[in-house]
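Enquirer: Residue numbers (our numbering), protein chains in the order written: chain A, 277 to 547; chain B, 522 to 974.
Think of the CB as a built atom: it goes at the ideal place given N, C-alpha and C, for glycine as much as any other residue.
Once you've had a glance at the structure underneath, I'll fire off some questions.
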Amino acid sequence: MTTLLSLHSQPDVPLEADTISPDAITGLSELGIEHLQVLHGNIKARVGDFFKVTGKGVSDICLEGDLSKVKMIGASMSVGSITVEGNVGMHVGIGMSGGQILVKGDASDWVGPEMTGGRIIVKGNAGHMVGSAFRGQAVGITGGEIFIHGDAKNEIGNSMRRGLIVIGGDAGDFTGVNMRAGTIIVMGKMGIRTGAGMIRGTVACFEDAPMLPSFEYSCKYQPLFLRLYLIRLQKNGFENKIEDRHLNGKYRRFSGDGIELNRGEILLYLR
Amino acid sequence: MPEPNQPSPKEKNKNIKIVKDATCTFCGCVCDDMELTVDLDEHRITKAKRACVLGRAWFYEHTLEDRPVVLIDGKEATLEEGMDVAAQILVDAKFPITYGLSDCTCEAQRIAVDIMDTINGNIDTTTSVCHGPSGMAFQGVGESTATLGEIRNRADLVIYWGGNPAESHPRHFTRYAVTPKGMYIPNGKKDRTVVLVDVRKTPSTPVADIFVRVKPGKDFEVLWALRALVKGKRISNDIEEQTGVSREMLDDLVYRMKNCQYGILFLGMGLTMTRGRHFNSGAIYSLAADLNEYTHFVAKPVRGHGNVTGADNVVSWQTGYPFGVNFNRGFPRFNPGEFTTSDLLARGETDAAMIIASDPASNFSKKAIEHLAKIPVITMDAKETHTTKLSKVRFAVATYGINTGGTVYRMDDIPISLRPAFDSPFPTDQEILEGIRQRIRKLLTGSKARTAF
Numbered sequence: 277m278t279t280l281l282s283l284h285s286q287p288d289v290p291l292e293a294d295t296i297s298p299d300a301i302t303g304l305s306e307l308g309i310e311h312l313q314v315l316h317g318n319i320k321a322r323v324g325d326f327f328k329v330t331g332k333g334v335s336d337i338c339l340e341g342d343l344s345k346v347k348m349i350g351a352s353m354s355v356g357s358i359t360v361e362g363n364v365g366m367h368v369g370i371g372m373s374g375g376q377i378l379v380k381g382d383a384s385d386w387v388g389p390e391m392t393g394g395r396i397i398v399k400g401n402a403g404h405m406v407g408s409a410f411r412g413q414a415v416g417i418t419g420g421e422i423f424i425h426g427d428a429k430n431e432i433g434n435s436m437r438r439g440l441i442v443i444g445g446d447a448g449d450f451t452g453v454n455m456r457a458g459t460i461i462v463m464g465k466m467g468i469r470t471g472a473g474m475i476r477g478t479v480a481c482f483e484d485a486p487m488l489p490s491f492e493y494s495c496k497y498q499p500l501f502l503r504l505y506l507i508r509l510q511k512n513g514f515e516n517k518i519e520d521r522h523l524n525g526k527y528r529r530f531s532g533d534g535i536e537l538n539r540g541e542i543l544l545y546l547r
Numbered sequence: 522m523p524e525p526n527q528p529s530p531k532e533k534n535k536n537i538k539i540v541k542d543a544t545c546t547f548c549g550c551v552c553d554d555m556e557l558t559v560d561l562d563e564h565r566i567t568k569a570k571r572a573c574v575l576g577r578a579w580f581y582e583h584t585l586e587d588r589p590v591v592l593i594d595g596k597e598a599t600l601e602e603g604m605d606v607a608a609q610i611l612v613d614a615k616f617p618i619t620y621g622l623s624d625c626t627c628e629a630q631r632i633a634v635d636i637m638d639t640i641n642g643n644i645d646t647t648t649s650v651c652h653g654p655s656g657m658a659f660q661g662v663g664e665s666t667a668t669l670g671e672i673r674n675r676a677d678l679v680i681y682w683g684g685n686p687a688e689s690h691p692r693h694f695t696r697y698a699v700t701p702k703g704m705y706i707p708n709g710k711k712d713r714t715v716v717l718v719d720v721r722k723t724p725s726t727p728v729a730d731i732f733v734r735v736k737p738g739k740d741f742e743v744l745w746a747l748r749a750l751v752k753g754k755r756i757s758n759d760i761e762e763q764t765g766v767s768r769e770m771l772d773d774l775v776y777r778m779k780n781c782q783y784g785i786l787f788l789g790m791g792l793t794m795t796r797g798r799h800f801n802s803g804a805i806y807s808l809a810a811d812l813n814e815y816t817h818f819v820a821k822p823v824r825g826h827g828n829v830t831g832a833d834n835v836v837s838w839q840t841g842y843p844f845g846v847n848f849n850r851g852f853p854r855f856n857p858g859e860f861t862t863s864d865l866l867a868r869g870e871t872d873a874a875m876i877i878a879s880d881p882a883s884n885f886s887k888k889a890i891e892h893l894a895k896i897p898v899i900t901m902d903a904k905e906t907h908t909t910k911l912s913k914v915r916f917a918v919a920t921y922g923i924n925t926g927g928t929v930y931r932m933d934d935i936p937i938s939l940r941p942a943f944d945s946p947f948p949t950d951q952e953i954l955e956g957i958r959q960r961i962r963k964l965l966t967g968s969k970a971r972t973a974f
């Protein structure tokens, strides 16, 4: 059983809907959900002003309509699931600690900023700053998984510390910039300046990528952990992207960033 | 013997005024040693002693135009009506934005911030399209900084990176950083080493002792290599192939940087507005910070507009953040990319705009300009611009520094007072903004429930 929220009026300006999360709606009646507060620009509004609610509040939510102007869906959620049938706006899953968000369309910038647990799946493309820290913060995501099946733009996993980010398509510039720890796997091409300022952590990519001068080639080898990760990802929707050669082939390892601790690694699949 | 600075006999019959120590507000240098000769009958400046080519154009070409003070939907109206309509537009809007502010006084800027705070709007300045990335980098990695006076008196290694001051800030070399003699630089340029880093030769190049030519879009890689070398780390062998700068050149630069008495890295928009943006600025700030293990080194952005530094200072002082600040929730939030004007307009997320002393319609993306044309826009500008033409309410204002006094900030965050040359029949931005603020407060009393979280 799910709670269905379908968008009946498109917001004129961004709608900050941080109340649309399983934690906030579970146990509420339809009327109760419609009365939850959202922020339409600078005006306080109600969920019911924009969404038609069907079913009482349970921990599984389904959202219908073009939500590209709706921000902060699934904010701070810890349990349950949210399924977005179309596109979604900025900050989806901001600070989430558990549960799952599935976006069937595209997501805007800042997917899962500063999340600590749970999983976000975006079937389409994502914007900039997937799984990153907010400006001025030292640490980004500290746990959880973000799976983007399409492309993502710049600064994926900015300052992340633990967690897994997987990009099925191409990545922009500065993937894993200032990374503290954690893993980023890119199955398409990466832009320039990958891993700038990274301290620890792993960025793996199926394609070749330009390296910064402060990264040093270490060796070529078959990282066992990566094979285990990829086998698990094959079972989680990436079966078309991961071939046997990626599982069994060798990877070139670059260590860096030399300016920092030099404990990070970039693994590039060796054709 | 006639006293210096007195008008010549030919000019004696005219109504002439001399303004000493006037300030030029054209660029971020904010030179405050101008001597203006003003013809009060013709309302124009006839001589601007010590002004550079840009400053002379700024002073000489300023005359009082015959324009209506207020136009609403293209029809002439009174100032009161204009302020009434502007206040109503801002109060009715769900996502009002203010943009610009770099060419008006700090006194006007602080009222603009207060208005956006009162109506829970969004405030952004032209910083977001020039040195905004430097502001973000500053927040991320910190800043080793100094005033231009300190640089003039102490710096023996001056590095310009991604800028062309000879054309953009003509007096920067002569007044602050290259030729002037200072307390510890008794022989001026002879005691200094000047390095220019750019992607091509510019009119600034002849000033430099060393010119470093970087492949376009490779500044970050060069800065990163310099950081690694300063820290004694290895760098890859293909550095010349990657960046166009040889290993020998990098080693020489590192030697000079580590062994100077006082070094300065000036960063221009060649860094902040090319691929990498805030990371480019961050790399240069980090390089300056790294070098402080060996000597004293500072980094400073070379700011463009007259009072864009003031805009940063005023917005920071009032909200805690320099630009791209949103008050929708009743408290300030900062997120460049989300709350910066060019992005907001391009995504079509605003429903009213107040543009002060800036012309986004001439330099924003097509999508952003199209959205700007759809929403009610209030403009305040001394001149006709593309933006004033598409605005609903347009105020013609007096020019700061020439017609109005006030405070502006030089690019090194030093406040400087203005000495106006002659009066203008037009009101100041400050007066109009104050009028709008009073009206907004009246309109908001007891009406629409605003958010307070």
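Give every residue of the same chain whose Cβ lies closer than 8 Å to the Cβ of B:MET522, excluding the five residues on either side of it in the sequence, and list them in chain order.
Expert: Translated into positions along the second sequence, residue 522 of chain B becomes position 1. At B:MET522, the pLDDT of 42 sits below 50, so the modelled position is not reliable; the number obtained from the coordinates is stated separately. Result list for B:MET522: empty, nothing under 8 Å.
Enquirer: Find the nearest neighbour of B:ARG868 within the set A:LEU283, A:THR278, A:LEU280, A:ASP288, judged by alpha-carbon distance.
Expert: As a position in the second sequence, residue 868 of chain B is number 347, starting the count at 1. Cα-wise, what sits closest to B:ARG868 is A:ASP288.
Enquirer: Along the stretch 481 to 496 of chain A, what residues have a CB closer than 9 Å to any CB found in chain B?
Expert: Within the stretch 481 to 496 of chain A, the qualifying residues are PRO486, MET487, LEU488, PRO489, SER490, PHE491, GLU492, TYR493.
Enquirer: According to DSSP, is B:ALA970 helix, strand or coil?
Expert: The residue given as residue 970 of chain B occupies position 449 in the second sequence. At B:ALA970 the pLDDT is 48, less than 50, meaning the model places this residue with poor confidence and gives no usable figure here.
Enquirer: Would you list the residues sitting across from B:ASN643 in a DSSP beta bridge?
Expert: What you label residue 643 of chain B is simply residue 122 of the second sequence in a count that begins at 1. Paired residues: B:ILE618, B:ASN847.
Enquirer: Are B:ILE890 and B:ALA873 close, meaning C-beta to C-beta below 7 Å?
Expert: Taking the second sequence and counting its residues from 1, one reaches residue 890 of chain B at position 369. Taking the second sequence and counting its residues from 1, one reaches residue 873 of chain B at position 352. Not closer than 7 Å, so no.
Enquirer: On the CB-based measure, 16 or more other CB atoms within 10 Å of its CB, does B:LYS821 come out buried or exposed?
Expert: The residue given as residue 821 of chain B occupies position 300 in the second sequence. Buried.
Enquirer: Between which two residues does the alpha helix (DSSP H) carrying A:HIS522 extend?
Expert: What you label residue 522 of chain A is simply residue 246 of the first sequence in a count that begins at 1. It spans 520 to 524 - the alpha helix (DSSP H) in which A:HIS522 sits, taken as one unbroken run.
Enquirer: For B:MET555, which beta-bridge partners are listed by DSSP?
Expert: Taking the first residue of the second sequence as 1, we reach residue 555 of chain B at position 34. B:ALA543, per the DSSP bridge assignment.
Enquirer: Going straight from the alpha carbon of B:TRP682 to that of B:GLU742, what length do you get?
Expert: In the second sequence, counting from the first residue as 1, residue 682 of chain B sits at position 161. In the second sequence, counting from the first residue as 1, residue 742 of chain B sits at position 221. For B:TRP682 and B:GLU742, the distance between alpha carbons rounds to 13 Å.
Enquirer: Starting from B:TRP682, trace the beta strand (DSSP E) both ways and give me its first and last residue.
Expert: Along the second sequence, one-based indexing puts residue 682 of chain B at 161. Its beta strand (DSSP E) spans residues 678 to 682.
Enquirer: Tell me the DSSP secondary structure of A:VAL289 in three-state form.
Expert: In the first sequence, residue 289 of chain A corresponds to position 13, counting from 1. In this structure, A:VAL289 counts as coil in the three-state DSSP scheme.
Enquirer: Could you confirm whether any beta carbon from chain A is found closer than 7 Å to the beta carbon of B:PRO525?
Expert: Residue 525 of chain B sits at position 4 when you count from the first residue of the second sequence. Reliability of the predicted coordinates at B:PRO525 is poor, the pLDDT of 49 falling under 50, and the value obtained from them is presented with this limitation in mind. No, B:PRO525 lies away from the interface with chain A (no Cβ there is under 7 Å from its Cβ).
Enquirer: My assumption, with CB atoms under 8 Å, is that B:LYS535 sits in contact with B:ASP562. Please give the rounded CB distance.
Expert: Start at 1 with the first residue of the second sequence, and residue 535 of chain B comes out as number 14. Start at 1 with the first residue of the second sequence, and residue 562 of chain B comes out as number 41. So it is a contact: roughly 6 Å between Cβ atoms.
Enquirer: Report the rounded CA-to-CA distance for B:GLU761 versus B:SER767, giving the unit in angstroms.
Expert: As a working note, residue 761 of chain B is residue 240 in the second sequence. As a working note, residue 767 of chain B is residue 246 in the second sequence. Whole-angstrom Cα-Cα distance: 5 Å.
Enquirer: Just to confirm my understanding: we take B:THR972, look at its own chain, exclude 5 residues before and 5 after, and list those with CB closer than 8 Å. What are they?
Expert: For the purposes of this step, residue 972 of chain B is taken as residue 451 along the second sequence, with counting starting at 1. Unreliable placement is indicated for B:THR972, whose pLDDT of 46 sits below 50; the coordinate value is still reported in the next sentence. If we look at B:THR972 and ignore the five residues flanking it on each side, its Cβ neighbours are ASN641, ASN849, ARG850, GLY851.
Enquirer: Shortest alpha-carbon distance to B:ILE899 belongs to which of B:ILE876, B:PRO881, B:LEU893, B:PHE818?
Expert: To locate residue 899 of chain B, count along the second sequence from 1; it is residue 378. Answer by Cα proximity: B:ILE876.
Enquirer: Hey, which unbroken runs of the beta strand (DSSP E) at 3 residues or more fall wholly within the stretch 325 to 403 of chain A?
Expert: If we require 3 residues or more, the beta strand (DSSP E) runs fully inside the stretch 325 to 403 of chain A come out as 327 to 330, 336 to 340, 357 to 360, 376 to 379, 395 to 398.
Enquirer: Starting from A:PHE327, find everything on chain B with Cβ-Cβ shorter than 9 Å and list it in chain order.
Expert: Walking along the first sequence from the start, residue 327 of chain A turns up at place 51. None at all; the shortest Cβ gap to chain B is about 18 Å.
Enquirer: Flag A:PHE434 as yes if its beta-carbon sits less than 7 Å from any beta-carbon of chain B, otherwise no.
Expert: Start at 1 with the first residue of the first sequence, and residue 434 of chain A comes out as number 158. Note on residue identity: the sequence assigns Asn, not Phe, to residue 434 of chain A. A:ASN434 does not count as touching chain B.
Enquirer: Assign A:ASP520 to one of two classes, buried (16 or more other C-beta atoms within 10 Å of its C-beta) or exposed (fewer than that).
Expert: Counting from one through the first sequence, the residue named residue 520 of chain A turns up at place 244. A:ASP520 should be labelled exposed.
Enquirer: Check whether the stretch 948 to 962 of chain B and the stretch 605 to 615 of chain B are in contact - that is, three or more C-beta pairs closer than 8 Å.
Expert: Result yes; three or more Cβ-Cβ pairs closer than 8 Å.
Enquirer: Using C-beta distances below 6 Å, list every residue in its chain close to B:ILE731, excluding the 5 sequence neighbours before and after it, in chain order.
Expert: By 1-based counting over the second sequence, the position of residue 731 of chain B is 210. Same-chain partners within the cutoff: VAL716.
Enquirer: Helix or strand or just coil, what does DSSP make of A:GLN313?
Expert: The residue you call residue 313 of chain A lines up with position 37 of the first sequence. Of the three classes helix, strand and coil, the one that applies to A:GLN313 here is strand, per DSSP.
Enquirer: By Cβ distance, which residues of its chain are closer than 6 Å to B:ASP645, with the 5 residues on each side in sequence left out?
Expert: As a working mapping, residue 645 of chain B is identified with position 124 in the second sequence. Counting only Cβ-Cβ distances below 6 Å, and skipping sequence neighbours, we find TYR620, PHE844, GLY845, THR861, THR862.
Enquirer: In this structure, how does DSSP classify B:HIS799 when only helix, strand and coil are distinguished?
Expert: On the second sequence, position 278 is the one that residue 799 of chain B refers to. Of the three classes helix, strand and coil, the one that applies to B:HIS799 here is helix, per DSSP.
Enquirer: What residue range does the beta strand (DSSP E) around B:PRO993 cover?
Expert: One cannot answer for residue 993 of chain B here, as it falls past the ends of chain B, which runs 522 to 974.
Enquirer: What does the Cβ neighbour count give for B:SER886, buried or exposed, with the cut at 16 atoms within 10 Å?
Expert: Translated into the one-based positions of the second sequence, residue 886 of chain B becomes position 365. Under this definition B:SER886 is an exposed residue.
Enquirer: Within 10 angstroms of the Cβ of B:TRP838, are there 16 or more other Cβ atoms? Answer buried if so, exposed if not.
Expert: To locate residue 838 of chain B, count along the second sequence from 1; it is residue 317. With fewer than 16 other Cβ atoms within 10 Å, it is exposed.
Enquirer: Please determine, among A:GLY371, A:ARG395, A:SER373, the residue with the shortest C-alpha to C-alpha distance to A:VAL379.
Expert: Numbered from 1 along the first sequence, position 103 holds the residue referred to as residue 379 of chain A. For A:VAL379, the nearest C-alpha among the options comes from A:ARG395.
Enquirer: Could you name the residues of chain B that A:ASN516 contacts, counting a contact when the two beta carbons are closer than 7 Å?
Expert: Numbered from 1 along the first sequence, position 240 holds the residue referred to as residue 516 of chain A. In chain order: nothing, as chain B lies at least about 31 Å away.
Enquirer: So, is the C-beta of A:GLY365 closer than 7 Å to a C-beta in chain B?
Expert: As a working mapping, residue 365 of chain A is identified with position 89 in the first sequence. So no, A:GLY365 is outside the interface.
Enquirer: Looking only at its own chain, which residues have a Cβ that is under 8 Å from the Cβ of A:ALA321, when we skip the five neighbours before and after it?
Expert: The sequence position of residue 321 of chain A within the first sequence is 45, counting from 1. Closer than 8 Å at Cβ, skipping near neighbours: LEU291, GLN313, VAL314, LEU315.
Enquirer: Going by DSSP in three states, A:LEU440 sits in which element: helix, strand or coil?
Expert: On the first sequence, residue 440 of chain A is found 164 positions in, with the first residue counted as 1. Of the three classes helix, strand and coil, the one that applies to A:LEU440 here is strand, per DSSP.
Enquirer: So, does the CB of B:GLU870 fall closer than 7 Å to a CB anywhere in chain A?
Expert: Translated into the one-based positions of the second sequence, residue 870 of chain B becomes position 349. Interface residue, yes.
Enquirer: At the 7 Å Cβ level, is A:PHE530 part of the contact set with chain B, yes or no?
Expert: By 1-based counting over the first sequence, the position of residue 530 of chain A is 254. No, no contact with chain B.
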